[in-house]
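Encoded as structure tokens, the structure appears first; notes follow it.
Following this line, the structure appears as structure tokens:
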């Protein structure tokens, strides 16, 4: 006869025996698989309800993301085709002004900190980036994180028109079409600005950057940086398909009035 001796201490033995029992209690409640828990509730039913709510939430989020992407592709593609003659005219005017490049490409920070190339119709002189240091002290945003200058001497005559009407931003529709940007979302920042972000401000990087946003229809460049952050975080918290449609509609009069565009 073989005698098996368990060298584990009594408390370890008890824990080993009780572990499976704890799993049953967690799933069915203290009274076992009948579903009746010790507190009189239906633990199994609660677990099922919880799982259904979780799946419903995931389905709702997937539907929102899918509808947002469908809106992005539809609108971006339609505008790129419809505005092609305008793009050609703008390209000719920019080229005729100083002979420089039509597009200005810049590195911007997107979702989760991923950098991407960001196009605009060039509205400044060709060496604008090299002249930046000479005008930084005139920054309209006193916080110093973002840079805005009402009468930037680097802007060309055609550039002022493009900025006033936001036509300079239209090439970003290509970024919307490729998925690097979305129609509605926090505006993408340049790396030097993101380097100064606090942990709270970095929450803006949790979503795909957009072509327009809440503060774009609420004063644009006149909105101070801290308010921009507050509005962006508010959008992230409340984002929905209907809110996106509302902001897209509000963008039209904001562009036509040109308040805060410089």
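Numbering (the UniProt record's numbering), first residue to last: 1 to 262.
From the three backbone atoms N, C-alpha and C, an ideal C-beta is built for every residue, glycine too.
{"Item": "The segment 246-256 contacting the segment 213-232, beta-carbon criterion three pairs below 8 angstroms", "Value": "yes"}
{"Item": "Candidates 234, 83, 72, 151, of which the one nearest residue 124 by Cα", "Value": "151"}
{"Item": "Own chain residues within Cβ distance below 8 angstroms of residue 100, not counting five before or after", "Value": "94, 122, 125, 126"}
{"Item": "Beta strand (DSSP E) segment containing residue 105, residue limits", "Value": "103-109"}
{"Item": "Span separating the alpha-carbon of residue 237 from that of residue 202", "Value": "14 angstroms"}
{"Item": "Test item: CB-CB of residue 98 and residue 182 under 8 angstroms", "Value": "no"}
{"Item": "Inter-stretch contact at 8 angstroms, needing at least 3 Cβ pairs: the segment 204-214 / the segment 161-179", "Value": "yes"}
{"Item": "Backbone secondary structure at residue 188 - three-state DSSP", "Value": "coil"}
{"Item": "C-beta atoms of residue 186 and residue 232 nearer than 8 angstroms", "Value": "yes"}
{"Item": "Spatial distance of residue 244 from residue 104 (CA atoms)", "Value": "28 angstroms"}
{"Item": "Cβ distance (whole Å) where residue 109 is taken to contact residue 188 below 8 angstroms", "Value": "6 angstroms"}
{"Item": "Residue 115: first and last residue of the uninterrupted beta strand (DSSP E) it sits in", "Value": "115-121"}
{"Item": "Residues sharing a beta bridge with residue 92, DSSP", "Value": "Answer by DSSP bridge pairing: none, since residue 92 is not bridged."}
{"Item": "Reference residue 239; option with closest CA among 205, 64, 128", "Value": "64"}
{"Item": "Reference residue 206, options 235, 128, 79, 90, closest by Cα", "Value": "235"}
{"Item": "CB contact flag (residue 242, residue 184, <8 angstroms)", "Value": "no"}
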